[in-house]
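**Student:** Which chain is which? The protein sequence lines are D and G, in order. Numbering (our numbering) for the first sequence: 1 to 601. Numbering (our numbering) for the second sequence: 1001 to 1601. Okay, here's the structure, questions in a sec.
Number of protein chains: 2
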Amino acid sequence: MTAPASNPLISDRDVDFQLYEVLDTESLCKLPAFADHSRETFTLFLDSTRRFARDVLFPTYRLMDAEPPVFRDGRVHVHPLMRKLYPQLVELGLLSATRPAEVGGQQLPLTVYSLASAYLMAANLSAYGFVGLTTGAAHLIEAFGNAWLKDTFMSRMYRGEWTGTMALTEPQAGSSLADVRTRATLAADGTYLITGSKIFISGGDQDFTENVVHLTLARIEGSPPGTRGLSLFAVPARRPEGGRLVDNDVRVAGAIHKIGWKGIPSLALNYGEGGDCRGWILGEPGRGLSQMFQMMNEARIMVGLNGVATASVAYQEALAYAQNRPQGRPSWEKDATRPQHPIIEHADVRRMLLRQKAIVEGGLSLLAAASWQSDVAAHGKTEEERKRAGLLLDLLVPLAKTFPAEKGFEANTLAVQVHGGYGYSTEYLPEAWLRDQKLNSIHEGTTGIQGLDLLGRKAMAAGGAALQAFSEEVEATVERARRAGVDPAWGDALSKAMQQVTELTMDLGAAGMAGEVERMLRHSAHYMELFSVLAVAWRWLAQAAAAQEGIARGGGDRGFYEGKLAAAQYWLHTELPRVSTLVSLCRSGEDSYTRMRPEWF
Amino acid sequence: MTAPASNPLISDRDVDFQLYEVLDTESLCKLPAFADHSRETFTLFLDSTRRFARDVLFPTYRLMDAEPPVFRDGRVHVHPLMRKLYPQLVELGLLSATRPAEVGGQQLPLTVYSLASAYLMAANLSAYGFVGLTTGAAHLIEAFGNAWLKDTFMSRMYRGEWTGTMALTEPQAGSSLADVRTRATLAADGTYLITGSKIFISGGDQDFTENVVHLTLARIEGSPPGTRGLSLFAVPARRPEGGRLVDNDVRVAGAIHKIGWKGIPSLALNYGEGGDCRGWILGEPGRGLSQMFQMMNEARIMVGLNGVATASVAYQEALAYAQNRPQGRPSWEKDATRPQHPIIEHADVRRMLLRQKAIVEGGLSLLAAASWQSDVAAHGKTEEERKRAGLLLDLLVPLAKTFPAEKGFEANTLAVQVHGGYGYSTEYLPEAWLRDQKLNSIHEGTTGIQGLDLLGRKAMAAGGAALQAFSEEVEATVERARRAGVDPAWGDALSKAMQQVTELTMDLGAAGMAGEVERMLRHSAHYMELFSVLAVAWRWLAQAAAAQEGIARGGGDRGFYEGKLAAAQYWLHTELPRVSTLVSLCRSGEDSYTRMRPEWF
């Protein structure tokens, strides 16, 4: 069997297509925040990132998957390769790429950064994980910390000297942040004494930088119960004291043996076992959850990108395998002495590959669209523009987080299936990516929680203005496709589905306002499913339009555009009709699992 | 957190329900072959099997998953526990339970055996795997071997002294058996000299019995190419010669590092490297594939049972976890100082559990129905009865193999999801069952191949007689449900879906007869999906009928029956409507992946 071509991780041609043909990313440079940028600076950043991802990072993936971090003598020792990789990741300018110049950043649009970082995630998601977590934690300090915290903590994190974590989850509370018990007691010097336990803290310890800063949710003594009583603290593993770093009484209590993401440890931490753990509050007491949630959109976009990237690298591997693995013959070939054909010639293998392509590239397009709204929400010219983009961003995020996690897992499963018996072995990589992918439906808000967020909050937001804005975006795409010469039946089908979803949302909203909250939220999982299908259909229609425009321009890229049209056709013909079935289900009053009692199972 | 109750693997109550309320398994005892049996003997067999599964086998599962077989000095060393377990499995009478008395069997109906073996698979599918493979191989010799082979090989295998394998797959051919290259050359003594390579041979070597017999597909020199040229041979690892066993030149070339089923090795074997590998032909030359396929229905039923069992044990674990893990509160509980509730009280968790229940118990019911037809096909009173049951069996097998593999994998994924972050760790078992489950869509005919078999062969069989018989079974169930007082809308919906599938099948068949084979088979994957939904809806309507009958009888089992009705409602309301959408898709002419070219991806 021929070895497959070296895995491209993400298709360069597709990234260019999403940035400059589907979207007009250069137009972002008209915004003051991005005025120093141009297509050239975007390309420089993308090129250095993808080169590093392919040449340096990807070759470390299997090694780090095979040798997870070791917890020994109270410290976590990650794979020794991280000592070399982290400084190189820092060198690429990733930590503060999207941050403003005044904190040392490059003010790069998130739209560009997202697509660049997808290469790193596809190459080795754990190694990149340390970067993403550190950026997120530093960004919190940038947003809410005082000058001393910025100077002491944030700047070192952005410079790559220290890393950071998000420390929300506790063993007894899981997703229920209202039940966070970690306590903070004001000390005489204005710091807080922290005591409590956190769990599933990714990157919670490592041995390649001198310090780790945990952005920690805790409850100040005397605060109210529930989420209102939570405050946010920067709690370093080692604290600056008298010009040096001293132990800050944060102990690693144990390591979770994860099934994937094996390069980055997930830890249980104990704070203040020795009564000497200090935390520095960010902003006002009682604002912890809302502060954390101001970073949540970006964190969830990063999870969505991880989902797309993990599905993409497996899809590329399955594609190369299917092109090179001979097995069987087409049905018209009855002569068994003739050579076998590559399995890509079997219709069902092509179906599996096209489905993967539809999920991967539809997902990437959705993430690019969400990132775009994030850029406009933060840096748009007018208040109105920013507000509208903010509503769209909020609406898109649960979809952009969940679709790649759930359908990406299906795509990863198909990549295993395309490999047949070999896919079931550790000699091939698809099984590893399948393990990696599963986390994305669990961390940063489970799929169930995203469904409640989408239906109960985001789709109803601002009295329907968010959904209205989304509907306008869909209609603009329908119009663009029509102008480009895409089969008008596709646009009509999308418009009709949008209309059905709008009406369903209004009806469910009315039920909620009438106090029937259970009935409103009962089918939140199905609502998430149907809205995901719709949103990805929107992205596929946009891609079909851009492909038709590309064909009209002529040139040598016809095959690429034909592939886009075939994948768009697949999604619009195979998936979009499900919206109507699911809308009926959400309306039907179907109550089997709400009336099911625990003792009946 | 409270430890969950000990995992029951499969619900005893449900097994009783399937055997004696949904089906009338006692009535099988009216057939001469089963005349010595009664509900009492069934219960004895079931009880000893389930007790062994729970008390002995399940505790070994994690140990064998953690320490896979080792390939050292040309031999495979399986987990040392197998030395104790295999004789105990033999002692239970499993190897020949369904075989006739003249070969030492118990003549137990497959219907009973299937449900009993599901416990063993749920407890430790690898350990049971050695049994299933040995029975299958011995059964082939029973059916096609001469007296000497039966005496020398078969009887030792049924007695548990030797084990057996199925050796079909080759590295260069995979699923394409037409390309099998292993050669057989007639020797002077009437045996054949075998040379060639096989791969993915489960149980291909072990160190707990003195011999392994490989039922091997090979091509006799001078035979035609393709599948017509294949013959079936018994090729032992060690052959009897001069009253003792001598090496038969079958070498283990390597072990596949599988991601699941870790207790049983999957091997690459080389035959005749030293020119001294002997095989004994079974029956006539050129009949190999058809002989192998006469055992295929039972082999695929066993795969389906593995799928159901693996989904079941994970579902039971998730159910216990959800009943015991407190996290969050219902939406009406605003007071965060009140204790958290078990997560089973969250609607979306209950949805995930009810979906698992619907898949597991719907799947078990489908396997029981297929096993029933197998019993009648083999032992029915009249030729006509046997023939009809044979057609039904052939039609049900691709469904009974694929549904548990594909939807079982989804159920296993949900079991991980219910466990949240803990589900993503090796400290909990659901991740192991998820790994195990993936194989079932690959071995014994991939899902893609099952789809082609269902649509291209089974659904069209006997000029529509198979589909007609299935439709009669569905209508009988609709009638039973109506009589029992089940909501008539459920039966109507099932009848309508059946009608749609019948019409679709006839139209696709007509296309095939008109020479449009590509168009006929294009949507075989969607056809498999819609037919699976239909077949499981049929099983859920049968269960709803039996549950209503149970409620009408009165007694203390109301909760169990209510759970059945809720799961039936779930499937009929949530899944059955998809049939119509999928039928439209199959009719639509949608051709995205057939027209997609390899270079467009």
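Cβ coordinates follow ideal geometry from the N, Cα and C atoms, glycine included.
Determine, using beta carbons only, whether residue 1257(G) comes closer than 8 Å to chain D.
**Tutor:** As a position in the second sequence, residue 1257(G) is number 257, starting the count at 1. So, interface residue.
**Student:** So what does DSSP say about residue 19(D), is it helix, strand or coil?
**Tutor:** Residue mapping note: residue 19(D) aligns to position 19 of the first sequence, counting from 1. Reduced to three states, the DSSP call for residue 19(D) is helix.
**Student:** From the DSSP secondary-structure annotation, give me the bridge partner or partners of residue 1194(G).
**Tutor:** Taking the second sequence and counting its residues from 1, the one referred to as residue 1194(G) is at position 194. Per DSSP, 1184(G).
**Student:** Just mark residue 14(D) as buried or exposed, buried being the case when its beta carbon has 16 or more other beta carbons within 10 Å.
**Tutor:** Locating residue 14(D) in the first sequence gives position 14, counting from the first residue. Counting Cβ neighbours within 10 Å, residue 14(D) comes out buried, since at least 16 surround it.
**Student:** Do you know whose CA, among 1252(G), 1285(G) and 1083(G), lies nearest residue 1186(G)'s CA?
**Tutor:** Numbered from its first residue, the second sequence carries residue 1186(G) at position 186. The shortest Cα separation from residue 1186(G) among 1252(G), 1285(G) and 1083(G) belongs to 1285(G).
**Student:** Determine the direct distance from the alpha carbon of residue 1498(G) to that of residue 1181(G), and round the result to whole angstroms.
**Tutor:** Looking up residue 1181(G) in the second sequence gives position 181. Looking up residue 1498(G) in the second sequence gives position 498. Taking the Cα positions, residue 1181(G) is about 43 Å away from residue 1498(G).
**Student:** So what does DSSP say about residue 61(D), is it helix, strand or coil?
**Tutor:** Here residue 61(D) refers to the residue found at position 61 when the first sequence is read from its first residue. Residue state, collapsed to three classes: helix.
**Student:** Report the partner residues of residue 1075(G) according to the DSSP bridge assignment.
**Tutor:** Numbered from its first residue, the second sequence carries residue 1075(G) at position 75. The partner list for residue 1075(G) (beta bridge, DSSP) reads 1072(G).
**Student:** How long is the line joining the alpha carbons of residue 595(D) and residue 438(D), rounded to whole angstroms?
**Tutor:** Along the first sequence, read from residue 1 onward, the residue named residue 595(D) stands at position 595. Along the first sequence, read from residue 1 onward, the residue named residue 438(D) stands at position 438. Approximately 29 Å between the Cα atoms of the pair.
**Student:** Verify the CB distance criterion: does residue 1532(G) have a CB-CB separation below 8 Å to chain D?
**Tutor:** By one-based count along the second sequence, residue 1532(G) stands at place 532. No, residue 1532(G) does not count as interfacial toward chain D.
**Student:** Helix, strand or coil: which one does DSSP assign to residue 583(D)?
**Tutor:** As a position in the first sequence, residue 583(D) is number 583, starting the count at 1. Three-state result, residue 583(D): helix.
**Student:** Grab me the residues of residue 1221(G)'s own chain with a C-beta within less than 8 Å of its C-beta, minus the 5 sequence neighbours each way, in chain order.
**Tutor:** Residue numbering aside, residue 1221(G) sits at position 221 when the second sequence is read from its first letter. Only residues of its own chain outside the window of five on either side were considered, and among them 1183, 1184, 1185 and 1186 have a CB closer than 8 Å to the CB of residue 1221(G), listed in chain order.
**Student:** Is any beta-carbon of chain D found at less than 8 Å from that of residue 1233(G)?
**Tutor:** Taking the second sequence and counting its residues from 1, one reaches residue 1233(G) at position 233. Cβ-Cβ to chain D under 8 Å: no for residue 1233(G).
**Student:** Looking at the C-beta of residue 1198(G), does it have a partner C-beta in chain D at a distance below 8 Å?
**Tutor:** Residue 1198(G) sits at position 198 when you count from the first residue of the second sequence. It does not; no Cβ of chain D falls within 8 Å.
**Student:** Grab me the residues of residue 1256(G)'s own chain with a C-beta within less than 6 Å of its C-beta, minus the 5 sequence neighbours each way, in chain order.
**Tutor:** Position 256 of the second sequence, counted from the first residue, corresponds to residue 1256(G). Contacts found: 1266.
**Student:** Comparing the C-beta of residue 1004(G) with each C-beta of chain D, is any distance below 8 Å?
**Tutor:** The residue given as residue 1004(G) occupies position 4 in the second sequence. Because residue 1004(G) sits at a pLDDT of 44, beneath the cut-off of 50, its placement in the model cannot be relied upon, and the following sentence gives the value as read from the coordinates. Chain D contact via Cβ: absent.
**Student:** Roughly how many whole angstroms lie between the Cα atoms of residue 371(D) and residue 226(D)?
**Tutor:** Along the first sequence, one-based indexing puts residue 371(D) at 371. Along the first sequence, one-based indexing puts residue 226(D) at 226. Approximately 32 Å between the Cα atoms of the pair.
**Student:** Assuming residue 129(D) and residue 202(D) are in contact, meaning their beta carbons sit under 8 Å apart, how far apart are those beta carbons, in whole angstroms?
**Tutor:** Taking the first sequence and counting its residues from 1, one reaches residue 129(D) at position 129. Taking the first sequence and counting its residues from 1, one reaches residue 202(D) at position 202. Right, their Cβ atoms sit about 6 Å apart.
**Student:** Identify the contact partners of residue 1609(G) in chain D, using a Cβ-Cβ distance below 7 Å as the criterion.
**Tutor:** Nothing can be reported for residue 1609(G), as the shown portion of chain G is limited to 1001 through 1601.
**Student:** If residue 1049(G) and residue 1116(G) are in contact, beta carbons under 8 Å, what's the gap, nearest whole angstrom?
**Tutor:** Along the second sequence, read from residue 1 onward, the residue named residue 1049(G) stands at position 49. Along the second sequence, read from residue 1 onward, the residue named residue 1116(G) stands at position 116. 4 Å between Cβ atoms; contact.
**Student:** When you compare the CB positions of residue 546(D) and residue 22(D), do they come within less than 8 Å of one another, or not?
**Tutor:** In the first sequence, residue 546(D) corresponds to position 546, counting from 1. In the first sequence, residue 22(D) corresponds to position 22, counting from 1. Contact check for residue 546(D) against residue 22(D) passes: the beta carbons are separated by less than 8 Å.
**Student:** Determine which residues of the region 172–198 of chain D have a Cβ less than 9 Å from any Cβ of chain G, and write them out in chain order.
**Tutor:** 172, 173, 174, 175, 176, 178 and 179
**Student:** Quick one: what's residue 1239(G) bridged to in DSSP?
**Tutor:** Residue mapping note: residue 1239(G) aligns to position 239 of the second sequence, counting from 1. 1246(G), per the DSSP bridge assignment.
**Student:** Can you name the residues of chain D whose CB is closer than 8 Å to the CB of residue 1573(G)?
**Tutor:** Within the second sequence, the letter at position 573 stands for residue 1573(G). The answer, in chain order, is 585, 588, 590 and 592.
**Student:** For residue 32(D), which three-state DSSP category applies?
**Tutor:** In the first sequence, counting from the first residue as 1, residue 32(D) sits at position 32. Correct three-state label for residue 32(D): helix.
**Student:** Can you name, in chain order, every residue of its own chain whose Cβ lies under 7 Å from the Cβ of residue 557(D), other than the five neighbours on each side?
**Tutor:** Here residue 557(D) corresponds to residue number 557 of the first sequence, with the count starting at 1. Excluding sequence neighbours, residue 557(D) sits near 550.
**Student:** Under 8 Å by Cβ, that's how I've got residue 391(D) and residue 484(D) pegged, so tell me the actual separation to the nearest angstrom.
**Tutor:** Here the question's residue 391(D) lines up with position 391 in the first sequence. Here the question's residue 484(D) lines up with position 484 in the first sequence. No, residue 391(D) and residue 484(D) are not in contact; Cβ-Cβ is about 27 Å, not under 8 Å.
**Student:** Can you list the residues of chain D that residue 1426(G) reaches, using a CB-CB cut of under 7 Å?
**Tutor:** Within the second sequence, numbered from 1, the residue matching residue 1426(G) stands at position 426. Result: 257 and 259.
**Student:** For a contact meaning CB atoms closer than 8 Å, what does residue 1446(G) contact in chain D?
**Tutor:** As a working mapping, residue 1446(G) is identified with position 446 in the second sequence. Those within 8 Å of residue 1446(G) in chain D are 417 and 420.
**Student:** At least one CB of chain G closer than 8 Å to the CB of residue 570(D): is that the case?
**Tutor:** Residue numbering aside, residue 570(D) sits at position 570 when the first sequence is read from its first letter. Judged by the 8 Å Cβ criterion, residue 570(D) is in contact with chain G.
**Student:** Excluding sequence positions up to five away, which residues of its chain have a Cβ less than 6 Å from the Cβ of residue 1412(G)?
**Tutor:** Numbered from 1 along the second sequence, position 412 holds the residue referred to as residue 1412(G). Excluding sequence neighbours, residue 1412(G) sits near 1311, 1314, 1433, 1434 and 1437.
**Student:** If we define contact as Cβ-Cβ less than 8 Å, is residue 264(D) a contact residue for chain G?
**Tutor:** Indexing the first sequence from 1 puts residue 264(D) at position 264. No - not a single Cβ of chain G is within 8 Å of the one on residue 264(D).
**Student:** Apart from the five residues just before and just after residue 1104(G), which ones in its own chain have a Cβ nearer than 6 Å to its Cβ?
**Tutor:** By one-based count along the second sequence, residue 1104(G) stands at place 104. Cβ neighbours of residue 1104(G) beyond the five flanking positions: 1096 and 1158.
**Student:** Could one say the Cβ of residue 69(D) lies closer than 8 Å to chain G's Cβ atoms, at least one of them?
**Tutor:** Stepping through the first sequence from its first residue, residue 69(D) is reached at position 69. Judged by the 8 Å Cβ criterion, residue 69(D) is not in contact with chain G.
**Student:** Would residue 393(D) and residue 374(D) qualify as a contact pair, given that the criterion is a beta-carbon distance under 8 Å?
**Tutor:** Along the first sequence, one-based indexing puts residue 393(D) at 393. Along the first sequence, one-based indexing puts residue 374(D) at 374. Yes; because the gap between Cβ atoms is below 8 Å, this pair is in contact.
**Student:** Quick one: what's got a C-beta closer than 8 Å to residue 1006(G)'s C-beta in the same chain, skipping five residues either side?
**Tutor:** The sequence position of residue 1006(G) within the second sequence is 6, counting from 1. Shown here for residue 1006(G): same chain residues with a beta carbon closer than 8 Å to its own, the five before and five after excluded, namely 1054 in chain order.
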